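Numbered according to our numbering, the sequence shown spans residues 1095 to 1297.
C-beta atoms are modelled at their ideal positions from N, C-alpha and C, and glycine is treated no differently.
All values derive from a computational prediction rather than experimental measurement.
Read the structure below first, then the notes.
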Amino acid sequence: MITFITAAVVFGLSAGFSPGPLLTLVIAQTLGHGVREGIKVSLAPLVTDIPIICLALLLLSRLSHFHAVLGWISIAGGVFVMYLAFGTLRAKGPGTGAVEAKAQSLGKGIAVNALSPHPYIFWITVGSPIILKAAQESFASALAFIFCFLACLVGSKVFVAVIVGRTRNALAGKAYRYVMVLLGLLLIAFALFLIRDGLILLI
């Protein structure tokens, strides 16, 4: 079991701290609406990954026929991330009470993660084979891998939200605008990558 837990920690932390649409959204929502909203985005994998894991296990033997589905998911994700990017670019300043109530951070995080091909690719090509191998040892080992992976994935993003939140008040005026423009441009770049990856999967 120790081997599978170690693998889960390594993969989870790597995925959690790796640059991507979800991490960028965590930072953007934290700066715009506070740490609580950034943490809500961080929780998205807890909602999206369990169904993806089930789907990956079901379709593991049919991966060659699943590329087209992943392609369209990736393109849809690229379009949605592009939409979020323009919203980030238009951000005028850190939100307060009434604005935070409309942040819809968890919903945005779920949509970004569900419309990204990366969780599907990871669980189909890496995660599911490890789960099946762990299950041969014991059912507890398989559950331990899933639990530790998600804990490290979500925990690392929550950590980023907290760190960013501590510097949020120091960002005002032009500094805030520069950061949000940078994040918006990064989201546009990720959107283009998602669309490109989708087109490659469809070819």
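Item, Value
"Using DSSP with H/G/I as helix, E/B as strand and the rest coil, what is Gln-1198?", "coil"
"For the segment 1113–1132 against the segment 1232–1245, are there 3 or more C-beta pairs whose distance is under 8 Å?", "no"
"Leaving out the 5 sequence neighbours to the left and right, which residues in its chain are closer than 8 Å to Ala-1192 when beta-carbon positions are compared?", "Residue placement at Ala-1192 is flagged as unreliable, the pLDDT there being 39, under the threshold of 50; a coordinate-derived value is accordingly withheld."
"Please classify Cys-1246 as buried or exposed, where buried requires at least 16 other C-beta atoms within 10 Å of its C-beta.", "buried"
"Could you check the C-alpha separation between Ala-1108 and Lys-1251 for me, to the nearest Å?", "The question names Ala, but residue 1108 in the sequence shown is Ser. Distance between the alpha carbons of Ser-1108 and Lys-1251 is about 11 Å."
"Look at the alpha carbon of Ser-1112 and the alpha carbon of Phe-1105, and state the distance between them as a whole number of angstroms.", "10 Å"
"Which first and last residues belong to the alpha helix (DSSP H) in which Arg-1130 is found?", "1129–1136"
"Helix, strand or coil: how does DSSP classify Leu-1149 here?", "helix"
"In whole angstroms, what separates the C-alpha of Leu-1140 from that of Ile-1297?", "32 Å"
"Among Ile-1215, Lys-1134, Ala-1234, Gly-1292, whose alpha-carbon lies nearest the alpha-carbon of Ala-1255?", "Lys-1134"
"Quick one: is Ala-1162 buried, meaning 16 or more other Cβ sit within 10 Å of its Cβ, or exposed?", "exposed"
"Thinking C-beta only, is Gly-1259 closer than 8 Å to Gly-1165?", "no"
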